[in-house]
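Structure, as structure tokens:
There are 2 protein chains.
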Amino acid sequence: MTQRPAAAAGDKRRVASGLWQVTENDLESIAIGAGILGTGGGGNPYIGQLRARQAIRQWGPVTVLAPEELPDDASVVCVGGIGAPTVGIEKVRDLQSYYALRAIEDYTGATATALISNEIGGSNSVEPLIPAAKAGLPVVDADGMGRAFPEFQMKTFFVYGVPCCPMAIADEKGNSAIIRETVSPVWAERLARALTVQMGCVACYAVAPMTAEQVRQTAVPRTLSLARELGDAVIRARNEGDDPRAAIFGTCPGKTLFCGKVVDVERRTAAGFARGTLTIDGLDSCAGERMVIEFQNENLIARRDGAIVCTVPDLICAVTIDRGEPVTTELMRYGLRVAVLGFPAPALWAAPQGLAVAGPRAFGYDTDYVPLAV
Amino acid sequence: MTQRPAAAAGDKRRVASGLWQVTENDLESIAIGAGILGTGGGGNPYIGQLRARQAIRQWGPVTVLAPEELPDDASVVCVGGIGAPTVGIEKVRDLQSYYALRAIEDYTGATATALISNEIGGSNSVEPLIPAAKAGLPVVDADGMGRAFPEFQMKTFFVYGVPCCPMAIADEKGNSAIIRETVSPVWAERLARALTVQMGCVACYAVAPMTAEQVRQTAVPRTLSLARELGDAVIRARNEGDDPRAAIFGTCPGKTLFCGKVVDVERRTAAGFARGTLTIDGLDSCAGERMVIEFQNENLIARRDGAIVCTVPDLICAVTIDRGEPVTTELMRYGLRVAVLGFPAPALWAAPQGLAVAGPRAFGYDTDYVPLAV
Chain D
171 MTQRPAAAAG
181 DKRRVASGLW
191 QVTENDLESI
201 AIGAGILGTG
211 GGGNPYIGQL
221 RARQAIRQWG
231 PVTVLAPEEL
241 PDDASVVCVG
251 GIGAPTVGIE
261 KVRDLQSYYA
271 LRAIEDYTGA
281 TATALISNEI
291 GGSNSVEPLI
301 PAAKAGLPVV
311 DADGMGRAFP
321 EFQMKTFFVY
331 GVPCCPMAIA
341 DEKGNSAIIR
351 ETVSPVWAER
361 LARALTVQMG
371 CVACYAVAPM
381 TAEQVRQTAV
391 PRTLSLAREL
401 GDAVIRARNE
411 GDDPRAAIFG
421 TCPGKTLFCG
431 KVVDVERRTA
441 AGFARGTLTI
451 DGLDSCAGER
461 MVIEFQNENL
471 IARRDGAIVC
481 TVPDLICAVT
491 IDRGEPVTTE
501 LMRYGLRVAV
511 LGFPAPALWA
521 APQGLAVAGP
531 RAFGYDTDYV
541 PLAV
Chain H
171 MTQRPAAAAG
181 DKRRVASGLW
191 QVTENDLESI
201 AIGAGILGTG
211 GGGNPYIGQL
221 RARQAIRQWG
231 PVTVLAPEEL
241 PDDASVVCVG
251 GIGAPTVGIE
261 KVRDLQSYYA
271 LRAIEDYTGA
281 TATALISNEI
291 GGSNSVEPLI
301 PAAKAGLPVV
311 DADGMGRAFP
321 EFQMKTFFVY
331 GVPCCPMAIA
341 DEKGNSAIIR
351 ETVSPVWAER
361 LARALTVQMG
371 CVACYAVAPM
381 TAEQVRQTAV
391 PRTLSLAREL
401 GDAVIRARNE
411 GDDPRAAIFG
421 TCPGKTLFCG
431 KVVDVERRTA
441 AGFARGTLTI
451 DGLDSCAGER
461 MVIEFQNENL
471 IARRDGAIVC
481 TVPDLICAVT
491 IDRGEPVTTE
501 LMRYGLRVAV
511 LGFPAPALWA
521 APQGLAVAGP
531 RAFGYDTDYV
541 PLAV
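Residue numbers (my numbering), protein chains in the order written: chain D, 171 to 544; chain H, 171 to 544.
The structure is reproduced here in structure tokens:
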């Protein structure tokens, strides 16, 4: 998945060699694709889409730069939302990521020249578009996860040597803080999460600028393009009466782990996360079997009749059987007919350094990572 | 109490006109006086004394300046501890207030020329001595409360117009954060408390520098001298077989609210505070009666047989009957024979602006403030 090609040459959205622009027309596709890559989390993609639409309508489209197109002296700020998706659908974000961007610029004295998404999943895939549109900045076609993860430190940037501090965090009321220095990225998560809970369980952050070289070395590339392509493929399949899952796998190799009906969702908002368990009873070829998925904002581990079939950092995503619509954990509900899809993790996560931060043991599961075979 | 005179002329500790120095010999007196003014909180005064002793032994005595002796271009940083005193007696602070001082200097670009205590109660009375000794800075003979209060925003500085942000907060591990901007001082408390809980329920903070004029206008003056004088008086009474309470009231006008034996202490460490209730059964002239005191780090409200006899912002302090030794809420225990003393609040608190921030209603009690008559 990390080797996905850039948008095809001749794409009408390219505005210069290697560039394209995110317009209002791209947002539905990106929301679908980011819903799939979000593995259940990353914030509600539909609300993210609406917010990004408003920003682009008000301030204009946003230019997308591939990592290799960044000027060498670029100052790239990672922005993202933090909190519980269950809260995010009621307490919709405003310009918090813009406030966080300004706060980190003020703190570091460096002016951002491009923004990058913390994670390509859910609403976080489009979160940078909002401050980018407002500030007239480009976004990078890459992110820090290639999927979504629940915790701040779980970014390829930090795994591969980019400092996680200083970082700024801001809410919609006018409160902002800088996490200045921490003994580890996990401590940055602890402090940021505590602030987020006080801020109402929904906030945004901005990390001190990265260089172009750091982005090239540590980001998961081409993920905004991939999200758009995934969404394009799903929409095309719907329009043409094709199987949405075949369209998804044609764009991003993966496999169906299970098909069934959601029979139980146990969900609680705790410690600044949406945590819970999803139970699906099999249909068709899965009849008589049961899949149980545990989630912390994102789907973490899937068991079929008790046997583990997929774990983080591989992607576990539920889509509706009929339309291939991704269903995030905060909207999952009894009765939905879903297919559970699995996709191999980006190579940066499947490496030992990646697994130490976001493998099954990092989430407290006493099991080794077994890469999903597709 | 805010009108206490400066240390008497000719005091051997004066090193220049209007100046004195805090030496190791002053610390026992300050600890006793700050224990009384701390109204049960402010952090354990004995541990504060030991920490200040170590700092002065290592880096030398600390010069004390009256507010009017500050140069007009002074840059005065308020430093203090934050957290639950119940935790502070097990997790002893180190140089966190020094780290917080350096963090706020780094953030604001201003170099401190003097330090001031956030509150004259408990260990916070001497907290500034530690970074002051290490950094070679003077401390101001004043503080932001003239007593102790549990919450960050409860400072005369902020009540009378000094901004509470930016402020830095640091732990002993190497984590630090800046609370950059908040919509109110109460929000600064909320964010700082959340960080403190993560940092292990004990941390230190430093507020962006005040000017000399701001200190003169908003601080409660002469309180470090008052703490030392109170302690001197108690020690003198003990040595000479006099009544310690008479010595206390001779230095700081007040009255005995109750005398009795502690029969119950209900105490819990919750939300970054030590909260609870203290029950005292009367002895001697109070026999047959009962006093119940509710506390949140500090004693907040005292009821005698159900009738309120003293509330914040007036000072409610328990001292041992025999030695006049103040007993803080984290060390209060069954069986102690204590006198409960009341002192009128500093004038800055008894004013309407002060009561709005730290009167009984600010703590959720449905009662008006009735000034203690002495």
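Glycine is no exception: its CB is placed at the ideal position from the N, C-alpha and C atoms.
**Request:** Kindly indicate which three-state DSSP category G292(D) falls into: helix, strand or coil?
**Result:** Of the three classes helix, strand and coil, the one that applies to G292(D) here is helix, per DSSP.
**Asked** By the 10 Å Cβ neighbour count, where 16 or more other Cβ atoms means buried, how is P241(D) classified, buried or exposed?
**Response** Result: exposed.
**Request:** Give, in chain order, every unbroken run of the beta strand (DSSP E) that is at least 3 residues long and sits entirely within the stretch 469-515 of chain D.
**Result:** Within the stretch 469-515 of chain D, the complete beta strand (DSSP E) runs of at least 3 residues are 477-481, 485-490 and 507-513.
**Prompt:** Counting pairs of Cβ atoms below 8 Å between the stretch 533-540 of chain H and the stretch 221-229 of chain H, do you hit three or more?
**Reply:** With a cut-off of 8 Å, the stretch 221-229 of chain H and the stretch 533-540 of chain H do not count as touching, because too few Cβ pairs lie within range.
**Asked** Closer than 7 Å, Cβ to any Cβ of chain H: which residues of the stretch 350-369 of chain D, in chain order?
**Response** Listed by position, the residues of the stretch 350-369 of chain D near chain H (Cβ gap below 7 Å) are R350, E351, T352, V353, W357, R360, L361, A364, L365, V367 and Q368.
**Asked** Got a sec: is the Cβ-Cβ distance from A373(H) to anything in chain D below 8 Å?
**Response** Output row for A373(H): interface = no.
**Asked** Can you tell which of N288(D), V309(D), V296(D) and T256(D) has the C-alpha that lies nearest to the C-alpha of N282(D)?
**Response** A small correction: the amino acid at residue 282(D) is Ala; Asn does not occupy that position in the sequence shown. When only C-alpha atoms are compared, the closest one is V309(D).
**Request:** Please report how far the alpha carbon of D413(H) lies from the alpha carbon of E495(H), in whole angstroms.
**Result:** So the alpha carbons of these two residues sit roughly 12 Å apart.
**Message:** the ligand SAH and A254(D): does the residue's C-beta get closer than 7 Å to at least one heavy atom of that ligand?
**Reply:** Because no ligand of any kind appears in the structure shown, any question about the ligand SAH cannot be addressed here.
**Request:** Starting from the C-beta of K325(H), find all residues in its chain whose C-beta is less than 7 Å away, skip the five residues before and the five after it, and write them out in chain order.
**Result:** Excluding sequence neighbours, K325(H) sits near N288, G314 and M315.
**Prompt:** What did DSSP end up calling R438(D) once you bin it into helix, strand or coil?
**Reply:** In the structure shown, the three-state DSSP call for R438(D) is strand.
**Message:** Taking 8 Å as the threshold (beta carbon to beta carbon), is K343(D) in contact with chain H?
**Reply:** True, the Cβ-Cβ gap to chain H drops below 8 Å.
**Request:** Compare the C-beta of I274(D) with all C-beta atoms of chain H and state if any pair is closer than 8 Å.
**Result:** For I274(D), the answer is no, since every Cβ of chain H falls outside 8 Å of its Cβ.
**Item:** Option nearest R386(D) by Cα separation, candidates V479(D), Q266(D), F327(D) and T439(D)
**Value:** The shortest Cα separation from R386(D) among V479(D), Q266(D), F327(D) and T439(D) belongs to F327(D).
**Message:** According to DSSP, G250(H) sits in a beta bridge with which residue or residues?
**Reply:** For G250(H), which the question treats as bridged, DSSP gives the partners Y375(H).
**For A201(H), three-class secondary structure by DSSP** = Helix, per DSSP.
**Prompt:** Helix or strand or just coil, what does DSSP make of A444(H)?
**Reply:** If DSSP states are grouped into helix, strand and coil, A444(H) belongs with the strands.
**6 Å CB neighbourhood of R174(D) in its chain, flanking five on each side removed** = Low confidence applies here, because R174(D) scores a pLDDT of 29, under 50, leaving its location unreliable; read the following figure in that light. Here the set comprises R392 and L396.
**Request:** Spatial neighbours of V332(H) within its chain, please: CB distance less than 6 Å, with the 5 preceding and 5 following residues excluded, ordered by chain position.
**Result:** Closer than 6 Å at Cβ, skipping near neighbours: M380, Q384 and T388.
**Request:** Rounded to whole angstroms, what's the CA-CA distance from F319(D) to W519(D)? Just pull it up for me.
**Result:** Their Cα atoms are separated by approximately 11 Å.
**Message:** For a cutoff of 8 Å on Cβ pairs, would you count I348(H) as touching chain D?
**Reply:** I348(H) has a beta carbon lying within less than 8 Å of a beta carbon in chain D.
**Prompt:** Under a three-way DSSP split, which group does R385(H) fall into?
**Reply:** It should be noted that the sequence gives Val, not Arg, for residue 385(H). The three-state secondary structure of V385(H), taken from DSSP, is helix.
**Request:** Out of V377(H), K343(H), A528(H) and N214(H), point me to the one whose CA is closest to V296(H)'s CA.
**Result:** The candidate whose alpha carbon is nearest that of V296(H) is N214(H).
**Asked** Under a three-way DSSP split, which group does K431(H) fall into?
**Response** Under the three-state reduction of DSSP, K431(H) is assigned to strand.
**Message:** Quick check on D536(D): does DSSP put it in helix, strand or coil?
**Reply:** Look at D536(D) here: in three-state DSSP terms it is coil, with no helix or strand label.
**Item:** Reduced DSSP category for P237(D) - H, G, I as helix; E, B as strand; rest coil
**Value:** P237(D): helix per DSSP, three-state reduction.
**Prompt:** Taking the alpha helix (DSSP H) that F419(H) falls in, what are its first and last residues?
**Reply:** Per DSSP, F419(H) belongs to the alpha helix (DSSP H) from P414 to T421.
**Prompt:** If you follow the beta strand (DSSP E) that F328(H) is part of, which residue opens it and which one closes it?
**Reply:** Note, F328(H): premise wrong, no beta strand (DSSP E); alpha helix (DSSP H) at T326 to V329.
**Request:** Please say whether Y375(D) and I339(D) have beta carbons closer to each other than 8 Å?
**Result:** Their beta carbons are under 8 Å apart, which means I339(D) touches Y375(D) by this criterion.
**Asked** Thinking just about the alpha-carbon of each residue, which of I491(D), R507(D), K431(D) and A543(D) is nearest to the one in T481(D)?
**Response** Among I491(D), R507(D), K431(D) and A543(D), the Cα nearest to that of T481(D) belongs to A543(D).
**Within-8 Å CB hit, D181(D) to chain H** = Note that D181(D) scores 37 on pLDDT, short of 50, meaning its location in the model is unreliable; the coordinates nonetheless yield the value given after this. D181(D) has a beta carbon lying at 8 Å or more from every beta carbon in chain H.
**Request:** Could you round the C-beta distance between R398(H) and D196(H) to whole angstroms and report it? I think they count as a contact, below 8 Å.
**Result:** Confirmed, Cβ separation roughly 6 Å.
**Cross-strand partners of S346(D) (DSSP beta bridge)** = As computed with DSSP, S346(D) is found in a beta bridge with A340(D) and E351(H).
**Asked** DSSP on R116(D), reduced to helix/strand/coil?
**Response** Since the first residue of chain D shown is 171 and the last is 544, residue 116(D) is not available in this structure.
**Asked** What distance in whole Å lies between the Cβ atoms of A488(D) and V479(D), which are believed to be in contact at a cut-off of 8 Å?
**Response** Cβ-Cβ separation between V479(D) and A488(D): approximately 14 Å, too far for a contact (criterion under 8 Å).
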